[in-house]
């Protein structure tokens, strides 16, 4: 199993941990299925009233899809399978609040998860970036999700700068992507404290509020997601060219702002 779920029946809080620290908590196909199954199981567990999502270790919250994952694709240009589209709580009809606790790197496909959390708590050493353009890929779904969380210029800079730049936790807090900035290693405790408070409120009112907040975003997300497959098909380099760019990544430096 590449996912751990710990439930505190006294507080009503479940902590879901991506548990692949040796792979920087990247999501392979098994992890994607486990995430979907976990969110759907939590829908039926009335002892859980709030959730914290985090990653094992200090190096990374999540670095997106595992580069070794092989995703079979239909031959038709009108159909595209993206395993990360079903890894988030909202994609699985979970309307219990989810708070993200981020330490280390959160990049690329991690935004599928962060984009479906209610808010983000981050340790001081957390960094956020999107490598897609550097490796010849269109950042589509990630950009649409982050455009809901960040000022346009900030999300555009993140997506277009690729691996040349990483956004610090401090900057992420300044622009509102991160709601609380903690000391390094303290994000999980702070997120659990928030979730514990939320879990103490009447669940029907909490879940209704989560659903109302998401309703305010659904229309624009749906419109953006509708464009994503075509933009990816048009703009992505062939897989071999992407791999060649990725293989040369170690020679590239980056700045943190």
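In our numbering, the protein residues as written are 26 to 282.
All C-beta atoms in this analysis are idealised placements derived from N, C-alpha and C, irrespective of residue type, glycine included.
Would you identify the three-state DSSP class for residue i, choosing helix, strand or coil?
| i | result |
| --- | --- |
| residue 153 | strand |
| residue 111 | helix |
| residue 143 | coil |
| residue 134 | coil |
| residue 182 | helix |
| residue 169 | helix |
| residue 174 | coil |
| residue 188 | helix |
| residue 36 | coil |
Taking just the CA atoms, how far does residue j sit from residue i?
| i | j | result |
| --- | --- | --- |
| residue 76 | residue 26 | 19 Å |
| residue 198 | residue 270 | 31 Å |
| residue 70 | residue 266 | 45 Å |
| residue 268 | residue 31 | 37 Å |
| residue 279 | residue 98 | 33 Å |
| residue 157 | residue 91 | 14 Å |
Bridge partners for residue i per DSSP, in chain order?
| i | result |
| --- | --- |
| residue 206 | 147 |
| residue 282 | Residue 282 is not bridged to any residue. |
| residue 193 | 152 |
Can you find a C-beta in chain D that's less than 8 Å from the C-beta of residue i?
| i | result |
| --- | --- |
| residue 192 | Annotation note: the requested chain D is absent from the structure, which comprises a single protein chain. |
> Given 8 Å as the limit, is there contact between the stretch 124-132 and the stretch 236-254, that is, 3 or more CB pairs closer than that?
Replying inline: no
>> Quick check for students: name the residue ranges of the alpha helix (DSSP H) that lie wholly in the stretch 209-270, counting only runs of 4 or more.
In response: 212-224 and 228-260
> Between the stretch 61-73 and the stretch 33-43, do at least 3 Cβ pairs fall closer than 8 Å?
Replying inline: yes
> Does the stretch 203-222 touch the stretch 171-178, meaning 3 or more C-beta pairs lie closer than 8 Å?
Replying inline: no
> Would you call the stretch 221-235 and the stretch 114-128 touching, i.e. three or more CB-CB distances under 8 Å?
Replying inline: yes
> Curious, which full-length alpha helix (DSSP H) runs of at least 4 residues does the stretch 43-129 contain?
Replying inline: 54-67
>> Between the stretch 248-263 and the stretch 165-174, can you find at least three pairs of beta-carbon atoms closer than 8 Å?
In response: yes
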